[in-house]
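Trainee: Numbering (the numbering used here), first residue to last: -7 to 443. All C-beta atoms in this analysis are idealised placements derived from N, C-alpha and C, irrespective of residue type, glycine included. None of these values were measured; they are calculated from a predicted model. Have a look at this one.
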């Protein structure tokens, strides 16, 4: 049906919940996904992909949009939210076969409407408009990467009911050193009519080339269909696309991505502290990350190193205190004293907010650094702690430190002296102690207030 065409659920998305931290795999809006796909087909393959797409948000001037995209007045349109969630058709959020004035009315009626999808709630702020494509067949395809290779999935029964056709899903897996060719693709399309197999084979191989070129981690089309080409032969055409990019490849692929947006997951908004740290991170060559998990949490992290931050977070969860974890965060890449001072101050303002009479723990942890000057980074943190000593006392914060690496002894001595200077207990450990041992100490302190 036409509704199945453009309101489809993402097969890989239906089991996802609202993410709480940034990862290398970054989702992009469907508008950007189709724009990048069209450009890549032309650049890599010399093939036109007749995609037309426009984006609408609260700032959009509909008259100006029509002037810049005149095709909007010459064809029937599809309108849908572009908010990184599926099941749009099932939530009455897809407009089909609309003239441009109808599309404008459809968007105005739903813009900034609050909806709940898969347990995530938020306003709809962005829509995508594209030509309505009548069709009969709907197919599913996805390409994704893992540590050792790639996986391509194909199903001849795509669309909103893809999960009801799970038994028809075909998969191939291959190593990064292997070549994707007709022989590799053949098992995916072996049940398709003979007259469309060449086009499907060529399309799948082309999509994989684009996937590699864009440094993608996931490219999913649910559905794509077959439309007549200029020669009358059937030609694959994507209707709904989901794309994730490896944002660590920005240094080599930014020019290809052409101002692509990495929006927050649906239902997620940044706190003022998170926005502040994000601005710091963008202005430095170091890495500064901060995500609030529970603003009323009683265990807070100020951890050096991305790997260490994950270990500390997991350890607090393994000890049964995940619900009391205030944040996820890390500083790494040798930030200077001024940067760690600004970062620590922002974190501490969250740690000490709204005292409730129950003690809180701050873990200043990390592994054994290779090149980061521990004393230099600690000096910035100590400056921030001294400035907020009264707030720390009011919130009954106890500090637990574990660190090793260049100049660590001086840094640990500074931390010990800090406790005496500001009158706050500071438990200090060096590399002779296990990295996560302070987690149990911190939780024991916090638990003492529960009894």
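With DSSP collapsed to three states, give me the class of residue 113.
Mentor: Translated into positions along the chain shown, residue 113 becomes position 121. Strand at residue 113.
Trainee: Using the Cβ count rule (16 or more neighbours within 10 Å means buried), how would you classify residue 73?
Mentor: If you number the chain shown from 1, residue 73 lands on position 81. Classification for residue 73: buried.
Trainee: Going by Cα to Cα distance, which pick from 119, 189 and 164 is closest to residue 141?
Mentor: As a working note, residue 141 is residue 149 in the chain shown. The residue with the shortest Cα to Cα distance from residue 141 is 164.
Trainee: Using 10 angstroms around the beta-carbon of residue 388, count the other beta-carbons present and answer buried if the total reaches 16, otherwise exposed.
Mentor: Here the question's residue 388 lines up with position 396 in the chain shown. Answer is buried; the Cβ neighbour count reaches 16.
Trainee: Quick check: residue 233 and residue 213, are their CB atoms within less than 8 Å of each other?
Mentor: Stepping through the chain shown from its first residue, residue 233 is reached at position 241. Stepping through the chain shown from its first residue, residue 213 is reached at position 221. Yes. Within cutoff.
Trainee: Can you tell me which residues form a DSSP beta bridge with residue 434?
Mentor: For this step, residue 434 is matched to residue 442 along the chain shown. BP columns for residue 434 are empty, so no partner.
Trainee: Using the beta-carbon count (16 or more within 10 Å), is residue 392 buried or exposed?
Mentor: Here residue 392 is taken as the residue at index 400 of the chain shown, counted from 1. Flag for residue 392 reads buried.
Trainee: When DSSP builds the beta bridges, which residues end up paired with residue 296?
Mentor: Indexing the chain shown from 1 puts residue 296 at position 304. Bridge partners of residue 296: 323 and 358.
Trainee: Whole angstroms is fine: what's the gap from residue 139's alpha carbon to residue 177's?
Mentor: Here residue 139 refers to the residue found at position 147 when the chain shown is read from its first residue. Here residue 177 refers to the residue found at position 185 when the chain shown is read from its first residue. Taking the straight line joining both Cα atoms gives about 21 Å.
Trainee: Would DSSP call residue 66 helix, strand or coil?
Mentor: Here residue 66 refers to the residue found at position 74 of the chain shown. It is coil, neither helix nor strand.
Trainee: Tell me which residues share the same chain as residue 22 and place their Cβ nearer than 6 Å to its Cβ, disregarding the 5 neighbours each side in the sequence.
Mentor: Within the chain shown, residue 22 is the residue found at index 30, counting from 1. Around residue 22: 74, 120 and 233.
Trainee: Among 114, 184 and 330, which has the Cα closest to the Cα of residue 275?
Mentor: Locating residue 275 in the chain shown gives position 283, where the first residue counts as 1. Among 114, 184 and 330, the Cα nearest to that of residue 275 belongs to 330.
Trainee: So, is residue 292 buried or exposed, given that buried needs 16 or more other C-beta atoms within 10 angstroms?
Mentor: One-based indexing of the chain shown puts residue 292 at position 300. Buried.
Trainee: Can you give the Cα-Cα distance for residue 281 and residue 268, rounded to whole angstroms?
Mentor: Here residue 281 corresponds to residue number 289 of the chain shown, with the count starting at 1. Here residue 268 corresponds to residue number 276 of the chain shown, with the count starting at 1. Cα-Cα distance, rounded: 10 Å.
Trainee: For residue -7, which residues from the same chain have a beta carbon less than 6 Å from its beta carbon, with the 5 sequence-adjacent residues on both sides left out?
Mentor: Counting from one through the chain shown, the residue named residue -7 turns up at place 1. Low confidence applies here, because residue -7 scores a pLDDT of 34, under 50, leaving its location unreliable; read the following figure in that light. So the list is empty, once near-sequence residues are dropped.
Trainee: Reducing DSSP to helix, strand and coil, say where residue 28 ends up.
Mentor: Mapped onto the chain shown, residue 28 falls at position 36. Helix at residue 28.
Trainee: Between which two residues does the beta strand (DSSP E) containing residue 281 stretch?
Mentor: Here residue 281 refers to the residue found at position 289 of the chain shown. Unbroken beta strand (DSSP E) run through residue 281: 279 to 284.
Trainee: Kindly give me the distance between the Cβ atoms of residue 376 and residue 402, rounded to whole angstroms, as I take these residues to be in contact under 8 Å.
Mentor: Counting from 1 along the chain shown, the entry for residue 376 is found at position 384. Counting from 1 along the chain shown, the entry for residue 402 is found at position 410. Rounded, the Cβ-Cβ distance is 18 Å, inconsistent with contact.
Trainee: Could you give the first and the last residue of the continuous alpha helix (DSSP H) run that contains residue 269?
Mentor: As a working note, residue 269 is residue 277 in the chain shown. Counting along the chain, the alpha helix (DSSP H) containing residue 269 begins and ends at 264 to 274.
Trainee: Straight-line CA distance for residue 340 to residue 353?
Mentor: Against the chain shown, residue 340 aligns to sequence position 348. Against the chain shown, residue 353 aligns to sequence position 361. Going by the C-alpha atoms only, they are around 11 Å apart.
Trainee: Going by alpha carbons, who is nearest to residue 327 out of 63, 272 and 317?
Mentor: As a position in the chain shown, residue 327 is number 335, starting the count at 1. Of the candidates 63, 272 and 317, the one whose C-alpha sits nearest the C-alpha of residue 327 is 272.
Trainee: Do you know whose CA, among 381, 343, 133 and 24, lies nearest residue 197's CA?
Mentor: Numbered from its first residue, the chain shown carries residue 197 at position 205. It is 133 whose Cα lies nearest to the Cα of residue 197.
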